[in-house]
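Engineer: Pasting a structure here, questions to come.
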Amino acid sequence: MPEPVESALHDAIQHANPDALRKILQQLCIRNDEAAALTRSTLMDNIDGGRERERYETCKHCKAEYDVTKNEKGDCVYHPGR
Ligand SMILES: [Zn+2]
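Just so you know, we're using our numbering here: the sequence shown kicks off at 3 and counts up by one.
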């Protein structure tokens with residue numbers, strides 16, 4: 003088990019704005035292979051032929067974010083689609 007993040011740092015992460023968190027994560031992925039692997043396995047989905055796609059998409063109909071690996075034929079998990 004990894005060590006829990008120090009309390010004050012945990013709070014700072016909780017309160018940080020998403021753009022700042024994106025910049026930090028991108029820097030971590032450049033500098034650290036384990037961070038890059040964790041980010042890749044969380045945000046990307048392996049598809050045929052060793053290609054990858056983004057795992058989370060925004061539904062064109064209801065604007066909800068959904069996991070493409072838990073979705074059939076492009077339907078949003080919140081409603082049937084076309
Ligand atoms: Zn939807």
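Cβ coordinates follow ideal geometry from the N, Cα and C atoms, glycine included. Everything numeric in this text was worked out from a predicted model, so none of it was measured.
Is there at least one non-hydrogen atom of ligand 1 closer than 7 Å to the beta-carbon of Y58?
Structural biologist: Locating residue 58 in the sequence shown gives position 56, where the first residue counts as 1. Result no, Cβ not under 7 Å from ligand 1.
Engineer: Measure the CB-CB distance between L40 and R57 and report whether it falls below 8 Å.
Structural biologist: One-based indexing of the sequence shown puts residue 40 at position 38. One-based indexing of the sequence shown puts residue 57 at position 55. No.
Engineer: State the DSSP-derived secondary structure class of D21, mapped to helix, strand or coil.
Structural biologist: Here the question's residue 21 lines up with position 19 in the sequence shown. Three-state DSSP puts D21 in a helix.
Engineer: Identify the residues that DSSP records as bridge partners of D47: which are they?
Structural biologist: Taking the sequence shown and counting its residues from 1, one reaches residue 47 at position 45. Note: D47 sits in a beta bridge opposite R55.
Engineer: Expressed to the nearest angstrom, what Euclidean distance is found between the alpha-carbon atoms of Q16 and K25?
Structural biologist: Position 14 of the sequence shown, counting from 1, holds the residue named residue 16. Position 23 of the sequence shown, counting from 1, holds the residue named residue 25. If I take the Cα positions, the gap works out to 15 Å.
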